[in-house]
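2 protein chains.
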Amino acid sequence: MSSAAAPDQPPRPVHFGILGCASIARKLARAMLLAPGAAVAAVGSRSEEKARLFAADNGLDVAATRVHGSYEALLDDPDVDAVYLPLPTSLHVRWATAAAARGKHVLLEKPTALCAADLDAILAACDAAGVQFMDSTMWMHHPRTAKMRETVDDKDAIGDIRTINSVFSFRANEDLLENDIRVKPDLDALGALGDVGWYCIRAILWAVDYELPKTVIALRDPVKNQAGVLLACGATLYWADGRTATFSCSFLTNLTMDITLVGTNGTIHVTDFVIPYEEKSAEFHVASKSSFADLHIGWNPLPSKHVVATDLPQEALMVQEFARLVQGIRDAGGKPEGKWPAITRKTQLVLDAVKASIDKGSEPVEVAS
Amino acid sequence: MSSAAAPDQPPRPVHFGILGCASIARKLARAMLLAPGAAVAAVGSRSEEKARLFAADNGLDVAATRVHGSYEALLDDPDVDAVYLPLPTSLHVRWATAAAARGKHVLLEKPTALCAADLDAILAACDAAGVQFMDSTMWMHHPRTAKMRETVDDKDAIGDIRTINSVFSFRANEDLLENDIRVKPDLDALGALGDVGWYCIRAILWAVDYELPKTVIALRDPVKNQAGVLLACGATLYWADGRTATFSCSFLTNLTMDITLVGTNGTIHVTDFVIPYEEKSAEFHVASKSSFADLHIGWNPLPSKHVVATDLPQEALMVQEFARLVQGIRDAGGKPEGKWPAITRKTQLVLDAVKASIDKGSEPVEVAS
Chain A
1 MSSAAAPDQP PRPVHFGILG CASIARKLAR AMLLAPGAAV AAVGSRSEEK ARLFAADNGL
61 DVAATRVHGS YEALLDDPDV DAVYLPLPTS LHVRWATAAA ARGKHVLLEK PTALCAADLD
121 AILAACDAAG VQFMDSTMWM HHPRTAKMRE TVDDKDAIGD IRTINSVFSF RANEDLLEND
181 IRVKPDLDAL GALGDVGWYC IRAILWAVDY ELPKTVIALR DPVKNQAGVL LACGATLYWA
241 DGRTATFSCS FLTNLTMDIT LVGTNGTIHV TDFVIPYEEK SAEFHVASKS SFADLHIGWN
301 PLPSKHVVAT DLPQEALMVQ EFARLVQGIR DAGGKPEGKW PAITRKTQLV LDAVKASIDK
361 GSEPVEVAS
Chain B
1 MSSAAAPDQP PRPVHFGILG CASIARKLAR AMLLAPGAAV AAVGSRSEEK ARLFAADNGL
61 DVAATRVHGS YEALLDDPDV DAVYLPLPTS LHVRWATAAA ARGKHVLLEK PTALCAADLD
121 AILAACDAAG VQFMDSTMWM HHPRTAKMRE TVDDKDAIGD IRTINSVFSF RANEDLLEND
181 IRVKPDLDAL GALGDVGWYC IRAILWAVDY ELPKTVIALR DPVKNQAGVL LACGATLYWA
241 DGRTATFSCS FLTNLTMDIT LVGTNGTIHV TDFVIPYEEK SAEFHVASKS SFADLHIGWN
301 PLPSKHVVAT DLPQEALMVQ EFARLVQGIR DAGGKPEGKW PAITRKTQLV LDAVKASIDK
361 GSEPVEVAS
């Protein structure tokens, strides 16, 4: 905007390297173009040609974006501050730890790891290197989520949340069910649980301010493909104080993204919590202190609709927030924000417990801490 | 309306006797005033004074409405065709069978009985007497429900329903939690399960066209009062084909009336299924063949809102339908409609299984048939 002198200059953008050209990386490339404080410096793929095509196809400045024909080469690029890592889950430990070891900040696709032990290796590497870690759970960064947080925290309006339901499903086509990395045991062994169940678990934890449940019991009859990868499953989560949450996740039913929070004083409904119906604004519905009209012929008061507009899409806001944290470390000697890895780890712990309960035929499993 | 000759005359209204002056009976008295083909002929209570007050307070024609100082007297009233029975659940067997034995058609409040064996006694009495039986589950009669039925039956739009969630809760005040019949073990021993869980179970069965689940497992940690009556509980229902449904019901959380149906092709949301927010019209939301916009930055197509208007409130439509069936039997020698007792019985069977699972500490319980 201005050519002002150094003291007034905005911080230098965070230079992202995109490690792998997965389909989801297209969305993130756009987000990095939109987000203040971020720039795509490089793309790394197993072939330089693929990286070049990705850059050209996604509106990146082809002259200014370096392309690397291997993941190693991208990590060795000294001009890369941070990597966005959308590789199959089974490759996360190797490449996220390698990135951290080279001093790159890590924005990691979900599910972050196949199990908490793997995640812990990644987090330890980030910790040792003093780099920021964040998982790529975009809806966390939508201003609607902040507004919902305010509502949840309003004990008068909502009270104590006692019951939570979440569903995330989409109807995969035949091609996905045959060929996608998310149904391959050697690539994304957690299947639907890791891909869509992740969001349900995160939303449930978000709703209870990240207090871990005590016990998890998987729903019976999970659906698996021939290789044993989960295509549909669910679980009930139990807290020590009697709270319960239930979620269902599936590749086999219509696109559904529900989170319902039922508190002593109020109820919140969202039906597009992961990806809002439309990019520019998103809704949620709140019923608070709901009672009946006389003779129970209607509700009084009626629930209210809350619409939250956003100039930037949620993934750009995520990139912006991540870049802000990286700038604080890179330029101002700050420390990584511990909230993000802590939230990731809790999500993974619950996911592990659900997986264990599924593997044990829906036996109760205590959540580790 | 007219003094036309006999062949054109509308059928004589069904003369209802209201057996007991429970609060819910006020709503039904209004419904009987509104419903074509129905008339309140008599009110019976344990005191004539109470019955008289009820008639006066609820806009009944005090001169034309007979008041009876005992339930027996009401049942002996030869001018009563049908009784509406809102007594505490523990009294249903006695008074519903007595009504049937006197040839009165029976419109019975829910929960219909403490267990299926009790309900079977009632249904047997109705069957032996050739009288119509119907439970008073009002939302079944809203035109929205018929519209939703059409949508559910549209296999192209919704496909096979695989996952169902239902919540019905309301926040009871201290007085209800201390004094209401619904928290008294000798009156309504099923508590929240019978009062509000009934609706969840019915809605779930409705959604799957009344195919009974195979197994039921109660959620852990049900909440009971000191007398052992359920204040909050829930369960997961499993069908042989892998369908699952989960419901939660409670007297301890904000008013919530959700039913969510997730099918292979479509998703239906209703958040006021038991009592619509407003009396004159009601909504439901359908997402069908939902996919994403390019880059997954929104949904395509968007879900659609369906608004269904109604001239009469759902409880008047229920009374009208019941009266129509009674007229067919009384005036035209027809037989009782078997659909209604069959639906009631299935609801009660699932309710029994949930209760049994709760009593067994959330062990799986097979649903009887």
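Line by line, the protein sequences give chains A and B. So the first sequence is numbered by the UniProt record's numbering: it starts at 1 and just counts up by one. So the second sequence is numbered by the UniProt record's numbering: it starts at 1 and just counts up by one. Positions of the beta carbon are idealized from the N, C-alpha and C atoms, including for glycine.
Review point. Does the beta carbon of V223 of chain B sit closer than 8 angstroms to a beta carbon anywhere in chain A?
Key: Translated into positions along the second sequence, residue 223 of chain B becomes position 223. It does; some Cβ of chain A falls within 8 angstroms.
Check your understanding: Does the Cβ of V307 of chain A have 16 or more other Cβ atoms within 10 Å, making it buried, or fewer, making it exposed?
Key -> Here residue 307 of chain A refers to the residue found at position 307 of the first sequence. That one is exposed.
Check your understanding: DSSP beta-bridge partners for E283 of chain B?
Key -> In the second sequence, residue 283 of chain B corresponds to position 283, counting from 1. E283 of chain B is bridged to B:V307.
Exercise for review: Using a cut-off of 8 angstroms between C-beta atoms, extract the partners of R202 of chain B located in chain A.
Suggested key: Residue mapping note: residue 202 of chain B aligns to position 202 of the second sequence, counting from 1. Residues of chain A passing the Cβ test: none, with the nearest at roughly 17 angstroms.
**Study point:** Through-space distance from Q327 of chain B to G333 of chain B, alpha-carbon basis
**Key:** By one-based count along the second sequence, residue 333 of chain B stands at place 333. By one-based count along the second sequence, residue 327 of chain B stands at place 327. Those two C-alpha atoms are separated by around 9 angstroms.
Check your understanding: What runs of the alpha helix (DSSP H), each 4 residues or longer, lie entirely inside the UniProt domain "GFO/IDH/MocA-like oxidoreductase" (147-268) of chain A?
Key -> 174-179 and 198-207
Practice item. Would you identify the three-state DSSP class for G17 of chain A, choosing helix, strand or coil? Key: On the first sequence, residue 17 of chain A is found 17 positions in, with the first residue counted as 1. In the structure shown, G17 of chain A sits in a strand (DSSP, three-state: E or B).
Practice item. Note the first and the last residue of the continuous alpha helix (DSSP H) segment covering G328 of chain B. Key: On the second sequence, position 328 is the one that residue 328 of chain B refers to. Taken as a continuous stretch (DSSP letters only), the alpha helix (DSSP H) holding G328 of chain B covers Q314 to A332.
Point to revise | Length of the line joining the Cα atoms of A235 of chain A and G234 of chain B | key: Along the first sequence, read from residue 1 onward, the residue named residue 235 of chain A stands at position 235. Along the second sequence, read from residue 1 onward, the residue named residue 234 of chain B stands at position 234. Roughly 14 angstroms between the two C-alpha positions.
Practice item. Can you tell me which of A:S169, A:L34, A:I161 and A:S45 puts its alpha carbon nearest to the alpha carbon of G59 of chain A? Key: Numbered from its first residue, the first sequence carries residue 59 of chain A at position 59. The shortest C-alpha separation from G59 of chain A is found at A:L34.
Exercise for review: Could you name the residues of chain B that G59 of chain A contacts, counting a contact when the two beta carbons are closer than 7 angstroms?
Suggested key: The residue given as residue 59 of chain A occupies position 59 in the first sequence. Within chain B, no residue comes near G59 of chain A; the closest Cβ sits about 11 angstroms away, beyond 7 angstroms.
Point to revise | Rounded straight-line distance, which links the Cα of A189 of chain A to that of G63 of chain A | key: Numbered from its first residue, the first sequence carries residue 63 of chain A at position 63. Numbered from its first residue, the first sequence carries residue 189 of chain A at position 189. As written in the sequence, residue 63 of chain A is Ala, which differs from the Gly given in the question. Distance between the alpha carbons of A63 of chain A and A189 of chain A is about 38 angstroms.
Exercise for review: Determine, using beta-carbon pairs with one atom in the stretch 101-110 of chain B and one in the stretch 280-290 of chain B, whether at least three such pairs fall under 8 angstroms.
Suggested key: no
Point to revise | Residues bridged to D135 of chain A [DSSP beta-bridge criterion] | key: Taking the first sequence and counting its residues from 1, the one referred to as residue 135 of chain A is at position 135. BP columns for D135 of chain A point to A:L108.
Review point. Can you name, in chain order, every residue of its own chain whose Cβ lies under 7 angstroms from the Cβ of W139 of chain B, other than the five neighbours on each side?
Key: Reading the second sequence from its first residue, position 139 is the one you call residue 139 of chain B. Only T145, F273, V274 and Q314 meet the Cβ criterion.
Practice item. Answer yes if the stretch 239-246 of chain B comes into contact with the stretch 149-166 of chain B, meaning at least three C-beta pairs across the two stretches below 8 angstroms, and no otherwise. Key: yes
Check your understanding: Leaving out five residues before and five after A4 of chain A in sequence, what residues of the same chain have Cβ atoms less than 8 angstroms from its Cβ?
Key -> The sequence position of residue 4 of chain A within the first sequence is 4, counting from 1. Unreliable positioning characterises A4 of chain A in this predicted model, as indicated by a pLDDT of 40, which lies under 50. A coordinate reading is not provided.
Review point. Who are G44 of chain A's beta bridge partners in DSSP?
Key: Counted from its first residue, the first sequence places residue 44 of chain A at position 44. According to DSSP, G44 of chain A bridges with A:L19 and A:H68.
Check your understanding: Would you call the CB atoms of L114 of chain B and S90 of chain B closer than 8 angstroms?
Key -> Along the second sequence, one-based indexing puts residue 114 of chain B at 114. Along the second sequence, one-based indexing puts residue 90 of chain B at 90. Cβ atoms of L114 of chain B and S90 of chain B: closer than 8 angstroms.
Exercise for review: Would you verify that the beta carbon of L237 of chain B is, or is not, closer than 8 angstroms to some beta carbon of chain A?
Suggested key: Your numbering for residue 237 of chain B matches position 237 in the second sequence. Output row for L237 of chain B: interface = no.
Check your understanding: Between the stretch 216-225 of chain B and the stretch 121-128 of chain B, do three or more beta carbon pairs fall short of 8 angstroms?
Key -> no
Check your understanding: Among B:N254, B:D76 and B:A116, which has the Cα closest to the Cα of R102 of chain B?
Key -> Here residue 102 of chain B corresponds to residue number 102 of the second sequence, with the count starting at 1. With distances taken between Cα atoms, R102 of chain B lies closest to B:D76.
**Study point:** Validate contact between the stretch 299-306 of chain A and the stretch 296-303 of chain B using beta carbons, cut 8 angstroms, 3 pairs
**Key:** no
Review point. Does H269 of chain A get closer than 8 angstroms to chain B when you measure Cβ to Cβ?
Key: Locating residue 269 of chain A in the first sequence gives position 269, where the first residue counts as 1. For H269 of chain A, the answer is yes, since a Cβ of chain B falls inside 8 angstroms of its Cβ.
Review point. Closer than 8 angstroms, Cβ to any Cβ of chain A: which residues of the stretch 344-362 of chain B, in chain order?
Key: none
Review point. When the Cα of P36 of chain B is compared with those of B:T310, B:I358, B:E321 and B:R345, which residue comes out closest?
Key: For the purposes of this step, residue 36 of chain B is taken as the residue at position 36 of the second sequence. Residue B:E321 is the option with its Cα nearest to P36 of chain B.
**Study point:** the ligand GTP heavy atom lying under 7 angstroms from the CB of P213 of chain B
**Key:** You won't find the ligand GTP in this model; it holds no ligand whatsoever.
Review point. Based on the DSSP secondary-structure assignment, which residues constitute the bridge partners of A38 of chain B?
Key: Numbered from its first residue, the second sequence carries residue 38 of chain B at position 38. B:V14.
Check your understanding: Is the shortest distance between the beta-carbon of D272 of chain A and the beta-carbons of chain B less than 8 angstroms?
Key -> Reading the first sequence from its first residue, position 272 is the one you call residue 272 of chain A. Output row for D272 of chain A: interface = yes.
Check your understanding: Cα separation between H92 of chain B and A98 of chain B?
Key -> Start at 1 with the first residue of the second sequence, and residue 92 of chain B comes out as number 92. Start at 1 with the first residue of the second sequence, and residue 98 of chain B comes out as number 98. Cα to Cα, H92 of chain B sits roughly 10 angstroms from A98 of chain B.
**Study point:** S248 of chain A versus L231 of chain A - alpha carbon distance
**Key:** The residue you call residue 248 of chain A lines up with position 248 of the first sequence. The residue you call residue 231 of chain A lines up with position 231 of the first sequence. Those two C-alpha atoms are separated by around 11 angstroms.
Review point. Distance, Cα to Cα, A116 of chain A vs Q348 of chain A?
Key: In the first sequence, counting from the first residue as 1, residue 116 of chain A sits at position 116. In the first sequence, counting from the first residue as 1, residue 348 of chain A sits at position 348. Cα to Cα, A116 of chain A sits roughly 6 angstroms from Q348 of chain A.
Exercise for review: Determine the DSSP secondary structure at L87 of chain B, reduced to helix, strand or coil.
Suggested key: Locating residue 87 of chain B in the second sequence gives position 87, counting from the first residue. Of the three classes helix, strand and coil, the one that applies to L87 of chain B here is coil, per DSSP.
Check your understanding: Smallest Cα separation from I18 of chain B: which of B:Q9, B:R202, B:A368 and B:G69?
Key -> As a position in the second sequence, residue 18 of chain B is number 18, starting the count at 1. Among B:Q9, B:R202, B:A368 and B:G69, the Cα nearest to that of I18 of chain B belongs to B:G69.
Review point. At a CB-CB cut-off below 7 angstroms, which residues of chain B make contact with D258 of chain A?
Key: The residue given as residue 258 of chain A occupies position 258 in the first sequence. The contacting residues are T260.
**Study point:** Continuous alpha helix (DSSP H) stretch holding P341 of chain A: start and end
**Key:** Taking the first sequence and counting its residues from 1, the one referred to as residue 341 of chain A is at position 341. Unbroken alpha helix (DSSP H) run through P341 of chain A: K339 to D359.
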